[in-house]
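Chains as they are written, first to last, in this note's numbering: chain R, 1 to 736; chain Y, 737 to 931.
Taking it in order: structure first as structure tokens, then the write-up.
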């Protein structure tokens with residue numbers, strides 16, 4: 001069998017992992033599509049009948065009914081293959097340094113495709129455009145949009161749009177016209193069939209820089225934020241232009257005659273597509289934010305709303321033939337801040353991980369399919385055409401970037417340097433979008449040539465440019481991302497933003513900060529009120545950042561403690577919140593009740609044994625219980641008499657009368673119970689009663705301090721009390 | 737608008753301002769007409785009310801502090817010279833700016849001076865330290881009324897803790913500079929004054 005031969009050849013263990021799905025995919029690999037499932041169910045019915053006809057006597061104990069599960073089984077196997085490939089890739093430490101992940105995945109795809117071809121002698125399944133555009137692409141764009149660094153993006157929006165739209169147009173026209181010129185010049189009959197519009201259409205699809213490919217390469221490079229957002233933002237936004245131009249030229253090809261008016265309409269279509277996408281995106285984003293406002297009682301499905309609304313947004317815009325890319329990105333960007341405010345922490349983590357997982361799987365599948373689809377019968381090779389395409393792509397892109405940067409640098413504060421420009425031009429990787437678009441083209445004789453050229457271009461950019469860009473970045477010493485995230489920095493930057501906005505006002509210059517300030521004002525005043533849950537509304541992003549940093553520090557602290565094995569967390573003063581107060585009261589109500597029951601048995605003896613008392617009411621007798629305060633033991637009895645349902649009023653009653661020792665006992669009792677090591681608050685019991693007013697806080701303050709300290713010493717010996725309370729507080733913390 | 741305003745501004749004044757602040761001739765005249773349009777009382781100086789009349793400045797969280805920054809210590813009026821001097825801090829730094837006069841001192845729009853301006857936004861009492869209270873005040877202005885004092889206090893404590901190197905629980909100017917060393921202040925604190 002071919003598989004055993006392959007096994008013998010391979011030594012590296014991780015590659016063996018890849019073979020598992022090979023064995024299954026090999027014999028059964030057909031690209032799943034909806035119709036076979038209907039087919040197979042009817043077949044199954046037939047085969048069952050056949051089976052019963054053929055073997056009427058024997059009872060089938062063990063049957064294999066593959067056609068029943070064929071479609072989902074194969075989908076699962078492809079995804080399994082993709083994930084195992086990724087696993088194997090990251091397991092080796094040398095590989096990620098040399099080549100980006102996308103290269104390896106394409107190679108795996110090539111291998112699988114070759115294997116399938118070898119086994120079945122027919123070309124393997126190709127990537128269906130519908131599957132690509134409807135299922136594989138949206139998670140990636142959603143992931144990109146949701147985790148877009150909003151601030152940097154909007155600061156550079158002008159530049160990005162300039163690169164994306166006029167840039168793509170420039171590339172399209174340049175490549176298209178040059179290729180047409182080539183077709184006219186080349187001797188022989190090979191290229192004569194390509195008309196101008198064919199060339200232009202090809203130019204439009206080949207100039208579409210692919211966000212998937214760019215992402216997978218740039219993510220491993222950690223370049224500085226601005227460069228990353230320029231390349232990435234451009235790759236996202238230019239797809240809209242490319243798609244529109246593609247459809248434009250396609251309809252020009254189909255139309256018998258062409259007028260200038262049609263060209264003008266085409267230009268309008270670009271604008272309409274773009275703005276339509278943005279509007280649809282904003283609409284869906286805001287609706288999603290509104291819905292998440294009400295998910296407090298059903299937190300588990302909150303992430304589902306985010307995904308559903310984004311996907312619906314994408315599908316709606318695809319239906320209307322407007323840019324799904326713009327729509328889903330705008331949707332993600334617009335709903336993000338409100339959704340984050342509305343949903344719980346766990347839902348937020350869920351969204352994050354699901355998005356990352358889906359986009360990762362999609363990306364891997366796309367690259368593998370790219371490799372698989374390359375193995376075909378239908379290649380047509382033409383040296384001049386292919387090599388010129390490769391060169392022209394690079395050339396026109398470089399020129400475009402240079403010219404556009406020269407224009408934009410006049411307007412920008414910090415210029416895009418030559419290094420950055422080089423990386424932008426060189427990092428224009430083509431990927432699966434070009435690929436699927438070329439398959440979608442109307443059939444004409446030289447279509448195979450275009451397919452071959454596209455495949456070559458994609459493979460060239462991903463392999464050659466993808467593998468060399470990392471060393472180039474190192475060589476050119478492009479500035480890297482700085483990892484810091486500090487509260488002070490955020491505050492100072494915020495202050496500077498406000499300052500600049502103010503100065504711009506004074507000068508009368510409506511700059512970027514002016515509009516940002518206006519938007520923030522509108523946001524806080526109107527949008528947040530509608531879209532964010534009422535109890536979550538006040539949180540400013542500074543507070544959120546602070547909490548995030550605190551949580552991070554706490555986690556680090558815990559990790560450090562785990563390593564060191566010593567629990568020495570500093571006692572930070574902590575203010576008690578109302579929920580905690582209620583729980584304290586409940587506990588004390590229960591315990592005091594118990595205490596009173598017990599104390600009633602002690603009524604007759606001054607001899608009370610510490611062992612008979614509930615330990616949480618133990619006090620260190622040597623330090624606090626003086627002979628005079630023996631009397632207080634009788635006081636709790638009267639507590640039983642005076643015991644009323646509402647403990648708070650009981651306490652108030654106690655606190656108002658400060659003269660007798662009994663007060664001090666009960667104070668110290670409460671002090672003991674509530675101020676364990678973890679929550680020593682300087683004001684002690686006075687904190688517990690915000691409603692009794694400040695007049696109580698003064699006098700008990702000092703005496704309770706002493707009691708507190710005594711209690712602290714004593715509570716170290718009593719284990720149950722403080723633990724019970726800390727358990728309660730843990731619950732409170734978890735509930736929040 | 738242009739002719740009447742510039743007739744009140746003499747050539748010598750323009751030259752002096754140019755030397756002091758580094759603005760170009762056209763920028764100075766343009767800013768003078770802006771100054772003039774803000775000056776409702778037409779007395780050649782701006783008061784606090786004139787600034788407060790600017791609508792967007794009223795909704796700016798730090799509006800009062802910014803207005804304050806224009807007025808020199810203890811005065812209630814700012815003339816055009818003072819106005820330009822404050823605005824000079826926000827002029828973009830040009831690389832080819834070679835100071836021909838070696839003892840003219842640091843230009844007003846140097847990084848240090850920009851940072852000093854920002855520092856003074858916090859430090860009202862001019863003791864060259866941002867105390868916890870001063871930081872709290874600024875935080876309160878930016879964050880709004882819905883955050884509790886304790887939370888704000890913790891944020892302020894953490895900020896000071898991050899920046900404080902000499903342990904005096906205040907942020908001195910050098911600590912402030914250090915905290916912002918990775919930030920491109922020259923770009924952030926610059927406005928494009930149209931030529």
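Ideal Cβ positions, reconstructed from N, Cα and C, are used throughout, including at glycine.
Since the structure is predicted, the reported quantities are computational estimates derived from the model, not experimental observations.
Cβ-Cβ separation between residue 341(R) and residue 532(R): approximately 5 angstroms, consistent with a contact (criterion under 8 angstroms). Under DSSP, residue 865(Y) shares a beta bridge with 908(Y). Checking the DSSP bridge columns, you'll see residue 185(R) has no partner listed. Within 10 angstroms of the beta-carbon of residue 140(R) lie 16 or more other beta-carbons, which makes it buried. Counting along the chain, the unbroken alpha helix (DSSP H) around residue 507(R) starts and ends at 487-507. Between the alpha carbons of residue 415(R) and residue 774(Y) lies a gap of roughly 33 angstroms. In this structure residue 434(R) touches residue 205(R) by the C-beta definition: roughly 5 angstroms separates them, less than 8 angstroms. The residues 249, 252 and 253, in chain order, have a CB closer than 6 angstroms to that of residue 197(R) in the same chain once the five nearest residues on each side in sequence are set aside.
Taken atom to atom, the span from the alpha-carbon of residue 180(R) to that of residue 496(R) is near 53 angstroms. Inter-segment contact for the segment 917-928 of chain Y and the segment 846-857 of chain Y is present: three or more beta-carbon pairs are separated by less than 8 angstroms. When Cβ-Cβ separations below 8 angstroms define contact, residue 494(R) makes contact with chain Y.
By the neighbour-count criterion, in which a residue is buried when 16 or more other Cβ atoms sit within 10 angstroms of its Cβ, residue 396(R) is buried. Residue contact with chain Y for residue 505(R): present (Cβ-Cβ distance below 8 angstroms to some residue of chain Y).
Straight-line spacing of the CA atoms in residue 757(Y) and residue 927(Y) works out to 14 angstroms. Three or more Cβ pairs closer than 8 angstroms define a contact, and the segment 119-129 of chain R falls short of that threshold against the segment 200-215 of chain R. Taking the Cα positions, residue 873(Y) is about 34 angstroms away from residue 286(R). Here residue 532(R) carries a coil assignment [DSSP, helix/strand/coil].
Per DSSP, residue 397(R) is one residue of the alpha helix (DSSP H) stretching across 383-409. For residue 883(Y), the closest alpha carbon among the candidates 547(R), 409(R) and 228(R) is that of 547(R). The three-state reading of DSSP puts residue 208(R) in coil, since its state is none of H, G, I, E or B. Residues of chain R with a Cβ closer than 7 angstroms to the Cβ of residue 887(Y) are, in chain order, 543. The criterion of a C-beta distance shorter than 8 angstroms is satisfied by residue 375(R) and residue 114(R). Close partners of residue 440(R) in chain Y (Cβ separation under 8 angstroms) are lacking, with about 44 angstroms as the shortest Cβ gap. At a beta-carbon threshold of 9 angstroms, the residues of chain R lying near residue 799(Y) are 498, 502 and 505, ordered along the chain. For residue 531(R), the nearest beta carbon of chain Y is not closer than 8 angstroms to its own beta carbon. Only exposed fits residue 780(Y), as fewer than 16 other CB atoms lie within 10 angstroms of its CB. Contacts between residue 796(Y) and chain R, judged by CB atoms closer than 8 angstroms, involve 498, 501, 502, 505 and 517 in chain order.
At the C-beta level, residue 460(R) and residue 390(R) come within 8 angstroms of one another. Here residue 904(Y) is exposed. Its C-beta has fewer than 16 other C-beta atoms within 10 Å.
Rounded to the nearest whole angstrom, the C-alpha separation of residue 272(R) and residue 352(R) is 32 angstroms. The closest CA to that of residue 316(R), considering only 110(R), 134(R) and 402(R), is found on 134(R).
Per DSSP, the beta bridge partners of residue 480(R) are 223(R).
Taking C-alpha positions only, residue 77(R) is separated from residue 84(R) by approximately 10 angstroms. Its chain contains 310, 328, 332 and 355 as the residues whose beta carbon lies nearer than 7 angstroms to that of residue 142(R), once the 5 sequence neighbours on both sides are disregarded; these appear in chain order. At a cut-off of 8 angstroms between beta-carbon atoms, residue 228(R) makes no contact with chain Y. One Cα belongs to residue 455(R), the other to residue 371(R), and the distance between them is close to 9 angstroms.
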